[in-house]
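Peer 1: My numbering applies: residue -4 is where the sequence shown begins, and numbers increase by one.
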Amino acid sequence: MKIHLEVYNTLKQKVVFLYHKLKLAKYEKHRGRKLAIPLVDTLSLALYKQASTRTTKKSLWNDLKETLCCSYKTLVVNLNRCALLALVILLRILRDNRQNVHWLKRTDSTDIPVCLNKNAKYHRTMYGLAEWGHSGKGLYYGLKLHITEDGKRTMLSLSFTPANRSDISQFMKLNKDLDGIFVADAGYVSRNLEKEFFRERKRILFAKPRKNMKKLMTALQQKLYDTRMLIELNFRNLKILYGLVTSMPRSVDGYLANYIHSLLAYALR
């Protein structure tokens, strides 16, 4: 699989623009030996890897080893190192997204397995961060990605937690600075959360009642609940088109870099 220059150059133009606009030169290495790959090029390659749905860094290096003039290990180290810069850009994008937002907001979480269930007993790389959790697909070993988006499917905030962390525990952290009408699934049903989150004429949470709850819904609430599934499109695209889920990294830095690069590549789409 050869590198698609048009896609890569488009991504690089966006990275260069943000690099100068956000004045990110301070994150450059100014002491010691120069990096084998400039930071902007490294970040562009990392985002290209996610956008091109490559499953391994090895395939990227095989296509570029003649032009990069560095070892595979050097490429991996540089890709993982630039995750900090990617995170800074991602957080700035999320902050800017909150300036002019749609009145409707949706919050949900998705499963991020770090390995196959049969390998979880022997998995050591994410030990201490990953936990056993349950999703609509069954048990898995890994993390949870929590996202809040607005009615236009623009990401506003996100967080990662171990898979056994409840959705309710993250809701206030994600949405404490946001206003509007919030829609969530039954995993966010909590009378205390609804009272704590409510601000008169500013924000309110509508969590879809569980099937065993005797609670009436208005026609408006039902229409709002029907839009909740749109957030699943973000999760699907992140996993299928931007390589969010992986079991290939051999370090914690590699896993976290993959997640950050995937989210940034999706935000810059």
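The beta carbon of each residue, even a glycine, is placed where N, CA and C say it ideally should be.
CB-CB under 7 angstroms to F230, same chain, minus the five flanking residues each way: which ones, in chain order?
Peer 2: The sequence position of residue 230 within the sequence shown is 235, counting from 1. Here the set comprises T105.
Peer 1: So, does the region 130 to 149 touch the region 97 to 111, judging by three or more C-beta pairs under 8 angstroms?
Peer 2: Touching, yes, given that three or more Cβ pairs across the two stretches are closer than 8 angstroms.
Peer 1: State the DSSP-derived secondary structure class of M243, mapped to helix, strand or coil.
Peer 2: Stepping through the sequence shown from its first residue, residue 243 is reached at position 248. Three-state DSSP puts M243 in coil, outside helix and strand.
Peer 1: Roughly how many whole angstroms lie between the Cα atoms of T62 and F155?
Peer 2: As a working note, residue 62 is residue 67 in the sequence shown. As a working note, residue 155 is residue 160 in the sequence shown. Those two C-alpha atoms are separated by around 36 angstroms.
Peer 1: Mapping DSSP to helix, strand and coil, what is I84?
Peer 2: Translated into positions along the sequence shown, residue 84 becomes position 89. I84: helix per DSSP, three-state reduction.
Peer 1: Hey, quick one: how far does the beta strand (DSSP E) through T102 stretch, first residue to last?
Peer 2: Translated into positions along the sequence shown, residue 102 becomes position 107. 99 to 108 is the extent of the beta strand (DSSP E) around T102.
Peer 1: Check T156 in the structure and name its three-state DSSP category.
Peer 2: Counting from 1 along the sequence shown, the entry for residue 156 is found at position 161. Three-state DSSP puts T156 in a strand.
Peer 1: Measure the C-alpha to C-alpha separation of E189 and R93 and round it to an integer number of angstroms.
Peer 2: By 1-based counting over the sequence shown, the position of residue 189 is 194. By 1-based counting over the sequence shown, the position of residue 93 is 98. Roughly 22 angstroms separates the two Cα atoms.
Peer 1: Rank K147, V247, T69, K116 by C-alpha distance to the C-alpha of L34 and give the top, closest one.
Peer 2: What you label residue 34 is simply residue 39 of the sequence shown in a count that begins at 1. The candidate whose alpha carbon is nearest that of L34 is T69.
Peer 1: Can you tell me which of P244, T143, K16 puts its alpha carbon nearest to the alpha carbon of L200?
Peer 2: Indexing the sequence shown from 1 puts residue 200 at position 205. Checked all of P244, T143, K16; the closest Cα to L200 is T143.
Peer 1: How about K52 and V71: are their beta carbons less than 7 angstroms apart?
Peer 2: In the sequence shown, residue 52 corresponds to position 57, counting from 1. In the sequence shown, residue 71 corresponds to position 76, counting from 1. Against a cut-off of 7 angstroms, the Cβ pair of V71 and K52 comes out as a contact.
Peer 1: Ordered along the chain, which non-local residues of its own chain (more than five positions away) have a Cβ less than 6 angstroms from that of A46?
Peer 2: Reading the sequence shown from its first residue, position 51 is the one you call residue 46. Correct list, in chain order: A260.
Peer 1: Can you say whether K139 is buried or exposed, counting buried as having 16 or more other CB atoms within 10 angstroms of its CB?
Peer 2: By 1-based counting over the sequence shown, the position of residue 139 is 144. Buried: at least 16 other Cβ atoms inside 10 Å.
Peer 1: Quick check on DSSP: helix, strand or coil for A260?
Peer 2: Within the sequence shown, numbered from 1, the residue matching residue 260 stands at position 265. Looking at A260 - three-state DSSP - the assignment turns out to be helix.
Peer 1: From which residue to which residue does the beta strand (DSSP E) around L138 run?
Peer 2: The residue given as residue 138 occupies position 143 in the sequence shown. Residues 133 to 145.
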